[in-house]
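Here the protein sequences come in this chain order: A and B.
When you line the first sequence up against the UniProt record's numbering, it's residues 1 to 154, in that order.
When you line the second sequence up against the UniProt record's numbering, it's residues 1 to 723, in that order.
For each residue, glycine too, the CB sits at the ideal point set by N, CA and C.
Report on the following structure.
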Amino acid sequence: MATTLNINGQERSFEAPHEMPLLWVLRDILGFTGTKFGCGMAQCGACTVHVDGKPVRSCVLPVGNLQSRSITTIEGIAATPVGARVQKAWLDLEVVQCGYCQSGQVMSAAALLVSTPDPDDSDIDAAMAGNICRCGTYVRIRAAIKQAAAAQKA
Amino acid sequence: MTVVAELPGISRRRILGGALATGFVFAFHLPVGAAGPVQKDSAGERFAPNAYIRIDGAGQVTLVMPQVEMGQGIYTAVATLLAEELDADLAKVALEHAPPNEQLYANPLLGVQATGGSTSVRAFWTPLRQAGATARAMLIKAAAEQWQVTPGSCSTTQGTVAHNESGRKLGYGELVEAAGKVSPPRDVALKDPKDFVLIGKPLKRLDTPDKVNGKVIYGIDTMMADLKFATLAQCPVFGGKVAKIDDEAARKISGVRQIIALDDLVAVVGDHMWAAKCGLDAIEITWDEGKNAKVSSKDIWDHLRAASEGAGVVAKSVGDVAKVLNFGETYDASYEMPFLAHATMEPLNCTVHVTPNSCDVWVGTQIIARAQSVAAKVAGLPEDKVTIHQHLLGGGFGRRLEVDMIAAAVRIGSMVEGPVKIVWTREEDIQHDIYRPIYRDSISARLSGDKVIALKYRVAGSSVIARWLPPAFTKGIDIDAVDSAVDMPYDIPNFQVDYIRVEPPAVPTGFWRGVGPNNNVFAIECFIDELARKANKDPIAFRRDMLGKTPRIRHVLDLAAEKSNWGQPLPPRVGRGVSVQPTFNSSIATVVEAEVDAGGDVYLRRVTLAVDCGFTVNPDTVVAQVEGGMIFGLTAALYGEITLEKGRIQQSNFHDYRMLRIDQVPKIDVHLVKSGEAPGGIGEASVVGGPPALRNAIYAATGIALRRLPIDRQLIAEKKSWL
C-alpha cells in the first residue's frame with residue numbers, strides 16, 4: 001500500500017502493509033533509526049514519536065491509519081523550542097547513560113511540556129511512567145524536565 | 001564526539017604496569033613493547049606512541065578506547081586519563097573503538113579484552129596516564145631538540161609545546177615526525193594529583209550529545225545498501241532441536257524473502273523486521289525439546305537445596321569456626337536468590353555479512369576479541385578474515401560478555417546472500433538469556449553477649465567463572481561467587497567461607513551486573529540484621545562495633561547514618577534498613593527507607609548512600625552510576641525472577657518481567673567521600689547494597705525477616721503470617 005507521511009516537516013512516500021507498525025517503517029524503510037525498538041508491545045516507550053504533536057508508541061501503531069498525518073521523531077524534535085530545551089536540559093544535567101531509551105524519554109518529556117508547561121511531580125509521573133530506563137536515570141530525568149520547564153518560563 | 005568505527009593497524013603496544021589485585025580480579029603482567037612510533041598512511045604522517053594515542057599532522061588527537069561504552073561513562077573517563085597526562089584539548093579529541101586485539105587491549109585485571117567486573121578505571125588508571133605522559137614526554141623532547149633547549153624548560157598545554165623563556169610554541173601536529181623518532185622514556189613521571197586539570201572534575205560526557213538527538217548508532221541501528229532484516233526463534237527449551245517446520249503460510253507473506261531452519265533455531269529473512277516477524281509467527285515449528293523438556297523451577301530449586309547441604313570447599317578460614325559453633329547455641333538462616341534476565345534496553349542483535357572469504361560483524365559487545373574468535377570459528381575462516389565493527393552498547397550488564405548472539409547470527413548469515421541484520425524480539429531476548437544464577441547461602445553464627453564470636457558462610461550455586469574464565473577456577477572455588485564473602489568487613493575472630501558448585505539443569509548462567517557480590521552482600525547483610533535483633537542492638541550500632549579493622553567502611557556507615565536521619569521516628573509500617581559492602585574495592589553504606597502497606601506493596605520513600613570509591617576520575621559520573629545502579633538493584637529486589645515450567649522460561653516481556661518506573665523511584669542522595677586512595681569500581685557497586693537495605697527496611701517496618709528475593713508481597717501483607 002502506498003502511504004505518504006509528513007515526517008519532521010518533509011513528505012515521505014513509501015510502500016508498506018497497512019498493519020505494519022510505524023516503528024518499522026521509520027527504522028527499516030525510511031532509515032530513521034533514532035526511534036528505538038524495545039518491546040514491541042507498548043510497554044517500554046523506547047519507540048515514542050509524536051503524531052500531530054501527541055506522544056504515541058510507534059511499535060503498535062499501524063501505519064495505514066496515519067495517511068497524511070504529521071510525525072515528529074527524535075531526529076526532528078530539536079526544531080521545536082520545547083524539544084531543544086529538553087535536549088539542552090538532558091545534557092546540562094547529564095541525564096544519559098547507555099542512551100538507548102533516551103529518544104523515547106525526550107519525546108515523552110517534550111510532549112508533556114507542550115501540554116503542561118509547568119509540570120509537578122505527579123504530572124511527570126503520569127507522563128513518563130510509560131518510559132522504562134534500564135540504566136535508572138529517572139532521578140535526573142525528573143530534574144531535567146523541571147529545568148526545561150523553568151527555562152520555558154524564563 | 002566523533003566515534004570512528006574502523007581502526008587501521010595500530011602499531012604496537014607498550015605501557016602498563018602493576019595492577020591492583022583484589023577480589024576476583026588478577027594482576028596480569030603485560031609485556032612492555034618497544035616503541036618506533038611513526039606511521040604513514042593515506043592520512044599522511046602520524047605519531048602513534050602506543051596503542052591508545054594517535055596524533056596526525058594537523059594536530060588531531062585520536063584516542064583509542066580499550067574498554068567499551070555501555071552507559072557507564074568509560075569513554076569519557078578513558079579520554080580524561082589520556083588527555084590529562086598528554087595535555088590534549090579534551091574538547092577536540094576524536095574517540096575510536098579499539099579493534100579486537102588481546103595483545104594490545106587486554107584488560108590488565110581480567111587478562112582478556114573485556115569490559116566487566118567494574119574493573120575499567122581500576123585496571124587502566126595507571127596505564128593510560130603512563131601512555132599519555134609518555135607521549136607528552138616524546139613531544140616535548142622533539143620540540144626541545146628543535147629549539148636546542150632542555151626539555152625541562154618546556155611546558156605543554158592544550159596540544160601545544162611551549163618554551164617559556166623564548167615564547168616559542170609548536171602544536172603537537174607540527175611535532176609528529178620528530179616525536180616519532182624519539183625513544184620513548186622508560187620511567188615517565190606522572191602528574192601530581194594537585195596539578196590535575198581534568199581528572200577529578202565533573203566534566204561533560206563525550207558520548208551523550210548524540211544520544212539525545214537520535215544520531216547515535218547502536219549495533220541495532222546498522223544500515224547499509226542491500227541490507228535484509230531477520231528475526232529468529234530458538235528452541236524454547238534449552239538444548240532442544242527443530243523437529244520439523246511447516247512454512248507454507250509464511251512463504252505467502254509479502255516481504256518474506258527466506259526461511260532458514262537450522263539445528264536449534266528458525267529464522268526468517270525479510271525486507272524489514274515486520275515482514276520477518278510476521279513470517280516467523282506464521283511458521284508452525286515442531287520442536288524436539290530434548291532432555292530438559294520437563295524441568296521446572298521446583299526441580300531446579302530442589303536440586304540446589306539438596307546439593308547445598310553437601311560438603312563445600314573452604315575459600316577462607318580464620319580462627320576455628322567448627323569448634324566455636326559446635327559448642328554453643330547457634331543462629332542459622334538460609335537465603336535464596338532467583339534467576340535473573342539482563343533485559344538490556346537494546347535487544348540482542350547482530351548484523352553480519354558472510355562471504356566465502358570474509359565475515360563482517362556489526363555489533364556492540366563487551367568482549368570483542370572473543371566475538372571475533374567465535375565468528376571465525378562458525379564461519380570457518382581465519383580470524384584475520386573477520387572484521388568486528390564495534391558500536392556503543394544500549395546496555396550491557398554482563399549480557400554482552402557472551403557471544404551466543406554472534407554465533408547464531410553468523411550461522412544464519414552464512415545462509416544469506418548479502419548483509420543481514422538479525423534482531424531478537426524482546427520475548428526471544430528474555431527467554432534466551434544467559435541468566436544470573438540462583439544461589440542458596442547458609443549462614444550460622446554464635447553470639448556471646450552482643451558480640452559475634454563465630455560465623456560460617458556457605459554459598460551454593462553455579463560457577464560462571466568456571467565456564468567463562470576457566471584458568472581462574474582453581475581448587476573448586478569460584479572467586480566471584482565468594483568475592484564479597486571472603487572480603488566481609490566485620491571483625492569476627494572465627495570466620496569461614498565455603499563454596500559448593502551446583503550447576504542448574506536446563507538454564508545457562510552468566511554474569512549479571514553486580515555479579516557474585518550481589519548474592520554475598522544480600523545474605524550477609526540480611527543475616528547481620530537478624531543477629532542485631534537477636535542481640536537487641538540497633539543495626540548500625542551492631543555493625544559499627546565490628547568495623548574496627550575497616551575504617552573506610554565504618555566512615556561511610558557513620559556518614560549514611562547521619563545523612564539518612566537514622567534513629568529519627570517514622571510512621572507505622574515504615575522502616576529504615578542499612579547495608580554495608582566492600583565490593584569492587586569501593587566502600588559503600590546504603591540506607592533505604594520504605595513503607596509496606598496492608599496489601600504487602602512496598603513504597604520506596606528515600607535512599608541515602610555514602611560512597612568511598614577512592615580517587616574519582618569524574619565525580620558526576622560516579623554519582624550517576626550510583627543512582628542508576630541503586631535502581632537496577634532495587635528493580636531486581638522488588639520484581640526480578642525468571643522461572644521455568646516444562647523447560648520453558650515463563651517470563652517474556654516487560655509486563656511480566658517488570659522494571660521500576662519513574663513514579664516508583666524516590667529521592668536518592670549520594671554522598672561521596674573525598675579520597676586519595678586508589679580508585680575502586682563503581683559501575684556495579686551500588687547495585688549490590690540496595691536489595692539488602694530494602695529487605696532490612698521491610699524487616700524494620702514489619703518484623704518479618706524475608707530470606708528470599710524477589711520480595712514476596714504475600715509474606716509481608718498484614719493478614720498473612722510468616723511461614
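The alpha helix (DSSP H) spanning residue i covers which residue range?
i             : result
residue 744/B : Outside the modelled stretch of chain B, which goes from 1 to 723, sits residue 744/B, for which no answer is possible.
E336/B        : Per DSSP, E336/B belongs to no alpha helix (DSSP H); it is in the beta strand (DSSP E), 331-337.
N519/B        : 515-534
T702/B        : 685-702
A109/A        : 102-115
E248/B        : 248-251
T80/B         : 74-86
F542/B        : 539-544
A142/B        : 120-147
E593/B        : Looking at the DSSP string, E593/B is not in any alpha helix (DSSP H); the run it does join, the beta strand (DSSP E), is 587-596.
Hey, would you say residue i sits closer than 8 Å to residue j, going by beta carbons?
i             : j      : result
I253/B        : I412/B : no
V464/B        : F511/B : yes
residue 156/A : I141/A : Residue 156/A lies beyond the residue range present for chain A, which begins at 1 and ends at 154; the question has no answer from this structure.
G614/B        : G689/B : no
V486/B        : V497/B : yes
G676/B        : P193/B : yes
Q113/B        : P127/B : no
L392/B        : K534/B : no
F495/B        : L531/B : no
K169/B        : T160/B : yes
A129/A        : R661/B : yes
H50/A         : I71/A  : yes
A233/B        : V256/B : no
L265/B        : A371/B : no
V361/B        : A230/B : no
D612/B        : S587/B : yes
P710/B        : A636/B : yes
Which residue marks the beginning of the beta strand (DSSP E) containing residue i, and which one marks its end?
i      : result
A16/A  : That residue, A16/A, is in no beta strand (DSSP E); it is neither H nor E in DSSP.
S442/B : 439-448
W362/B : 358-363
L232/B : 228-234
G629/B : It is not in any beta strand (DSSP E) - G629/B instead sits in the alpha helix (DSSP H) that spans 619-639.
L280/B : From DSSP, L280/B is part of no beta strand (DSSP E) but of the alpha helix (DSSP H) over 273-282.
D498/B : 494-501
Please check the pair residue i and residue j, which I expect to be a contact at CB under 8 Å, by giving their CB distance rounded to whole angstroms.
i      : j      : result
I500/B : S308/B : 6 Å
R69/A  : L5/A   : 7 Å
N292/B : P505/B : 7 Å
A594/B : L672/B : Incorrect: roughly 24 Å between the Cβ atoms, too far for contact.
G279/B : T616/B : Not quite, the Cβ-Cβ distance comes to about 51 Å (not below 8 Å), so this is no contact.
V385/B : C359/B : It should be pointed out that residue 385/B corresponds to Lys in this sequence rather than to Val. Yes, K385/B and C359/B are in contact; Cβ-Cβ is about 6 Å, under 8 Å.
V607/B : V596/B : About 16 Å separates the two Cβ atoms, so there is no contact after all.
G104/A : A46/A  : 4 Å
I642/B : F339/B : 4 Å
Given that residue i touches chain D, what residues does it touch there, using C-beta distances under 7 Å?
i      : result
D226/B : You won't find chain D in this structure, because its protein chains are A and B.
Problem - Residues within the segment 386-406 of chain B neighbouring chain A, beta-carbon criterion of under 9 Å - result: L392, L393, G394, G395, G396, F397
Exercise for the section: Inspect the CB distances between the segment 112-128 of chain A and the segment 146-153 of chain A and report whether three or more fall short of 8 Å. Expected result: yes
Problem - Residues of the segment 647-663 of chain B with Cβ closer than 7 Å to any Cβ of chain A, in chain order - result: N653, F654, H655, M659, R661, I662, D663
Exercise for the section: Could you say if the segment 63-80 of chain B and the segment 391-408 of chain B meet the contact criterion of at least three C-beta pairs nearer than 8 Å? Expected result: yes
Handout entry: Within 7 Å of chain B by C-beta, residues of the segment 55-80 of chain A in sequence order
Key = T73, I74, E75, A78
Exercise for the section: Kindly confirm or deny that the segment 81-91 of chain B and the segment 126-139 of chain B touch, where touching means at least three C-beta pairs closer than 8 Å. Expected result: yes
Exercise for the section: Could you list the residues in the segment 200-223 of chain B with a C-beta less than 9 Å from some C-beta on chain A, going in chain order? Expected result: P202, K204, R205, D207, T208, P209, D210, K211, V212, N213, G214, K215, V216, I217, Y218, I220, D221, T222, M223
Handout entry: Contact between the segment 647-661 of chain B and the segment 536-556 of chain B (3+ Cβ pairs under 8 Å)
Key = no
Practice task
Tell me, please, whether the segment 237-248 of chain B touches the segment 212-222 of chain B by the rule of three or more beta-carbon pairs shorter than 8 Å.
Solution key: no
Exercise for the section: Count the CB pairs spanning the segment 323-333 of chain B and the segment 434-451 of chain B that are closer than 8 Å, and state whether there are at least three. Expected result: yes
Exercise for the section: Identify each residue in the segment 82-101 of chain A for which the Cβ-Cβ distance to at least one residue of chain B is less than 7 Å, and report them in chain order. Expected result: Q87, W90, L91, E94, V96, Q97, C98, G99, Y100, C101
Problem - Members of the segment 331-359 of chain B near chain A, C-beta cut-off 8 Å - result: A343, T344, M345, E346, P347
Exercise for the section: Select from the segment 269-285 of chain B all residues with a C-beta closer than 7 Å to any C-beta belonging to chain A, and list them in chain order. Expected result: H272, M273, W274
Problem - Interfacial residues, the segment 408-432 of chain B to chain A, with Cβ spacing under 9 Å - result: K421, V423, T425, R426, E427
Problem - Three-pair Cβ contact test at 8 Å for the segment 340-355 of chain B versus the segment 426-444 of chain B - result: yes
Exercise for the section: Could you tell me whether the segment 176-183 of chain B touches the segment 133-147 of chain B, where touching means 3 or more Cβ pairs closer than 8 Å? Expected result: yes
Practice task
Taking a Cβ distance cut-off of 7 Å, strictly less, list which residues of the segment 230-258 of chain B are near chain A, in chain order.
Solution key: S254
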